[in-house]
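Student:
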Amino acid sequence: TRSLRVGEKQEFQQLLNGVLSGRDSRRAVMSRAAALGLSAAAISSLSLAAKAAPGVTSAKLAAAAQSSPATGGVLKVGLQADPTALDPHTQSLTAIWHVVEHLYSTLVRVKPDLSVEPALAETIDISDDGVVYTFHLRANAMFSDGTTVTADDVVFTFTRLLDPQTASTSASDLSSVKGAAEFGAGTADSVEGLKAIDPATVEITLAAPDASFLSTITGSSCIVMSKAFVEANNNDVSQVAMGSGPFKLDEYIPNTSLKMSRNEHYWEEGLPYLDGLEMLIVPEDTARTTSVVQGTTDFIEYAPLRDVDTLKANDKLQLAGDANTNIRFVTFNMSREPFDKLEVRQAISAVVDRTPMIESAVFGHGTPVNVIFPPTYWAALQTEIPAPDIDKAKSLLATAGLPDGFKTSISSWSQYSFLSNAAVVLQEQLKQIGIDAELNLVENATMIADVHTNHNYDIGVTGTSGYIDPHSLMLNNFNSKSAGNAAAYANPKVDDLINQGMLETDPAKRATIYQEIQQILLDDLPWVNLFVANQFEAMKLDVQGYQHIPTGSNAFLRETWLQQS
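Converting from the sequence shown to the numbering used here requires adding 21 to each position, the first position being numbered 1.
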């Protein structure tokens, strides 16, 4: 077996993470890449990333992090959206993730440089064929009620995620586990690849090697739940929570607030420093900015991008963040006419002008893209974005038999202005080619149900974020059998390539596979990709120790403290 920390096959990704995060200099990365004998293409990609990497923390935040930690105090956090529920198995929503990451732990977790480190699992052994993962749980890993986290809890949690009765849109996160397909189809009573060897040892066997497996199980869908607690609540943990994270839930008032206090049984010695978190739900951008400026909150997530420059100039505040792993896009319901016609999707793509979208949606703090990944990402397909072409768009509609356009609707998130604003701009742009689209801005739960689950929409302006490895993003959104495939897109070639990308362990070969997928998606257009948005957190100067993670996670509140006056 080999240790998680020494896998040579992860060297390329680790080098890229280092340069993107600003942790490693270009010279150090290039020297290391040459010493490892990476290919010319890989070295070229690293060089490009080094030139474009923005870094992830402000100078003020870096200086603050040099202080000695202090214990105590309650941090008031301004959340952008209500989580609606606290069970990431039954709903897939970023707002849920931004809450449960403080209440639960995962077997492994993501570091600010996007590499993966052990969490509940103290050590991980991986078989030489890359199929069997053995997780050795920490002896001091406990839930907030003082009970020990066991291998049975892990097996229970992962089985629950895969259970067809749970109907989780995130079940595909564990699709590579041996027996997951049979269990999900209801033809097996248990998942063959999930075994508790003893109370402190979990063995997970995959159906085939999966280069993305460890990255995938860092996600909120793979938090470890207490079997006893879930069963005591009749399998309904949508409004209650009890995990092994740094904090424990004291109160949740939907659409208003959440209160958490320090988990005295947390497995990381000395953490968290804070006595607790008081999370206020402040969806309106101006109100969220005002809250941190006036002191109603100490820290806000999703610092409104229109206010970023003003917040940076405020000498009482500091910002963390910059580029994030996200994508904002237009998705089509390909199971409905006329979006089943390629020419219609091509016409809409041809009329899209990303510049006003970025200005309106993220106030210039974004990167236009027509493929899924930003140019600096290791698996990105390097392309040029064509200028909008109204005449071409009209011609394509005529070819589709719709020379006068048609009526339709655009669904988007009412609570995420960076998406709803883009939807407004798209609505105006479509008028240029005779498409009259009614704007349908809905709450989170409706958007998840209608667009991301049940295909009850025409056009959606939405997004996804937090990816580390390309596989989960591709699998969840473009595999023909995925419950999260909002576009109802099906292409056997893409299914096959997604599988190849999972099995391949050579970084350069994986990059080629994902670039081929991106080209096919660019040709088929289930999505029209719009932009990658920057993301920031704003906080008072006495908030110290926080680190931004490019997935958008706020998990480092576990290491945050308040400077004592």
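Backbone N, C-alpha and C fix where the C-beta goes; we use that ideal spot for every residue, glycine too.
Everything numeric in this text was worked out from a predicted model, so none of it was measured.
Under DSSP, the beta strand (DSSP E) around His-157 begins and ends at which residues?
Tutor: The sequence position of residue 157 within the sequence shown is 136, counting from 1. Element bounds for His-157: 153 to 158.
Student: Would the region 213 to 220 count as touching the region 114 to 131 if we require 3 or more Cβ pairs under 8 angstroms?
Tutor: No: the two stretches stay apart, fewer than three of their Cβ pairs being nearer than 8 angstroms.
Student: So does the region 425 to 443 actually touch the region 307 to 322, counting three or more Cβ pairs closer than 8 angstroms?
Tutor: Not touching, per the Cβ criterion.
Student: Starting from Asp-174 and walking both ways along the beta strand (DSSP E), at which residues does that stretch end?
Tutor: For the purposes of this step, residue 174 is taken as residue 153 along the sequence shown, with counting starting at 1. No beta strand (DSSP E) contains Asp-174, which is instead part of the alpha helix (DSSP H) from 172 to 183.
Student: To the nearest angstrom, how far is the alpha carbon of Pro-490 from that of Ser-233?
Tutor: Locating residue 490 in the sequence shown gives position 469, where the first residue counts as 1. Locating residue 233 in the sequence shown gives position 212, where the first residue counts as 1. Checking the sequence shown, residue 490 turns out to be Asp, not Pro. Straight-line Cα distance between these residues: approximately 6 angstroms.
Student: If we call anything under 9 angstroms between Cβ atoms a contact, is Tyr-488 one with Pro-547?
Tutor: For this step, residue 488 is matched to residue 467 along the sequence shown. For this step, residue 547 is matched to residue 526 along the sequence shown. No, these two residues do not count as a Cβ contact at 9 angstroms.
Student: Over the uninterrupted alpha helix (DSSP H) stretch that includes Ser-441, give me the two end residues.
Tutor: Here residue 441 corresponds to residue number 420 of the sequence shown, with the count starting at 1. Ser-441 -> alpha helix (DSSP H) spans 438 to 452.
Student: Helix or strand or just coil, what does DSSP make of Met-263?
Tutor: Stepping through the sequence shown from its first residue, residue 263 is reached at position 242. Coil, per DSSP.
Student: Could you tell me the distance, in whole angstroms, from the CA atom of Ala-576 to the CA atom of Asp-361?
Tutor: On the sequence shown, residue 576 is found 555 positions in, with the first residue counted as 1. On the sequence shown, residue 361 is found 340 positions in, with the first residue counted as 1. Rounded to whole angstroms, Ala-576 to Asp-361 spans 41 angstroms at the Cα level.
Student: Taking Asn-8 and His-476 to be in contact with their CB atoms under 8 angstroms, please state how far apart those CB atoms are, rounded to whole angstroms.
Tutor: Residue 8 lies beyond the stretch modelled for the chain, which goes from 22 to 586, so this question has no answer here.
Student: Go ahead and label Asn-255 buried or exposed: buried means 16 or more other beta carbons lie within 10 angstroms of its beta carbon, across all protein chains shown.
Tutor: Position 234 of the sequence shown, counted from the start, is the residue given in the question as residue 255. So Asn-255 counts as exposed.
Student: Between the region 274 to 289 and the region 176 to 187, can you find at least three pairs of beta-carbon atoms closer than 8 angstroms?
Tutor: Counting Cβ pairs under 8 angstroms, fewer than three are found: no touch.
Student: At what residues does the alpha helix (DSSP H) containing Leu-418 begin and finish?
Tutor: Residue 418 sits at position 397 when you count from the first residue of the sequence shown. Per DSSP, Leu-418 belongs to the alpha helix (DSSP H) from 411 to 420.
Student: Using a threshold of 9 angstroms, state whether the C-beta atoms of Lys-97 and Glu-299 are closer than that.
Tutor: Sequence index remark: in the sequence shown, residue 97 carries index 76 (1-based). Sequence index remark: in the sequence shown, residue 299 carries index 278 (1-based). Closer than 9 angstroms, so yes.
Student: Secondary structure at Gly-205, three-state DSSP: helix, strand or coil?
Tutor: To locate residue 205, count along the sequence shown from 1; it is residue 184. Gly-205 falls in the helix class under three-state DSSP.
Student: Taking buried to mean at least 16 other C-beta atoms within 10 Å of its own C-beta, is Ser-211 buried or exposed?
Tutor: Here the question's residue 211 lines up with position 190 in the sequence shown. Exposed, by the Cβ-count rule.
Student: Once DSSP output is grouped into helix, strand and coil, what is the label at Ala-368?
Tutor: As a working mapping, residue 368 is identified with position 347 in the sequence shown. Helix.
Student: Taking 6 angstroms as the limit between beta carbons, can you name the residues of its chain near Glu-580, skipping five residues before and five after?
Tutor: In the sequence shown, residue 580 corresponds to position 559, counting from 1. Hits under 6 angstroms: Gly-566.
Student: Taking just the CA atoms, how far does Phe-394 sit from Pro-528?
Tutor: On the sequence shown, residue 528 is found 507 positions in, with the first residue counted as 1. On the sequence shown, residue 394 is found 373 positions in, with the first residue counted as 1. Spanning the two alpha carbons is a distance of roughly 16 angstroms.
Student: Please report how far the alpha carbon of Phe-177 lies from the alpha carbon of Leu-417, in whole angstroms.
Tutor: To locate residue 177, count along the sequence shown from 1; it is residue 156. To locate residue 417, count along the sequence shown from 1; it is residue 396. Approximately 52 angstroms, taken between the alpha carbons.
Student: Report the rounded CA-to-CA distance for Ala-73 versus Gln-260, giving the unit in angstroms.
Tutor: Looking up residue 73 in the sequence shown gives position 52. Looking up residue 260 in the sequence shown gives position 239. For Ala-73, the predicted structure reports a pLDDT of 43, less than 50, and the residue's modelled location is therefore unreliable. The matter cannot be settled from this model.
Student: Quick one: measure Cβ to Cβ for Asn-276 and Asp-103, integer angstroms, because I've assumed they're closer than 8 angstroms.
Tutor: Sequence index remark: in the sequence shown, residue 276 carries index 255 (1-based). Sequence index remark: in the sequence shown, residue 103 carries index 82 (1-based). At roughly 5 angstroms, the Cβ-Cβ gap stays under 8 angstroms, so Asn-276 and Asp-103 are in contact.
Student: Beta-carbon within less than 6 angstroms of Gly-481's beta-carbon, same chain only, minus the 5 sequence neighbours each way: which residues are those?
Tutor: For the purposes of this step, residue 481 is taken as the residue at position 460 of the sequence shown. Once the five neighbours on either side are set aside, the close Cβ partners of Gly-481 are Thr-352, Ser-432, Val-472.
Student: What residues in its chain sit with their C-beta under 6 angstroms from that of Lys-428, if we drop five residues either side in the sequence?
Tutor: Residue numbering aside, residue 428 sits at position 407 when the sequence shown is read from its first letter. Cβ within range, chain order: Asp-457.
Student: Under a three-way DSSP split, which group does Leu-583 fall into?
Tutor: Locating residue 583 in the sequence shown gives position 562, where the first residue counts as 1. Leu-583: strand per DSSP, three-state reduction.
Student: In three-state terms, what does DSSP make of Leu-363?
Tutor: Here residue 363 is taken as the residue at index 342 of the sequence shown, counted from 1. Reduced to three states, the DSSP call for Leu-363 is helix.
Student: Taking the straight line between their C-alpha atoms, what separation do you get for Thr-572 and Thr-388?
Tutor: For the purposes of this step, residue 572 is taken as the residue at position 551 of the sequence shown. For the purposes of this step, residue 388 is taken as the residue at position 367 of the sequence shown. When rounded, the distance between both Cα atoms is 16 angstroms.
Student: If you scan the region 227 to 295 from start to end, which runs of the beta strand (DSSP E) of 3 or more residues do you find wholly inside it?
Tutor: Correct list: 268 to 274, 278 to 283.
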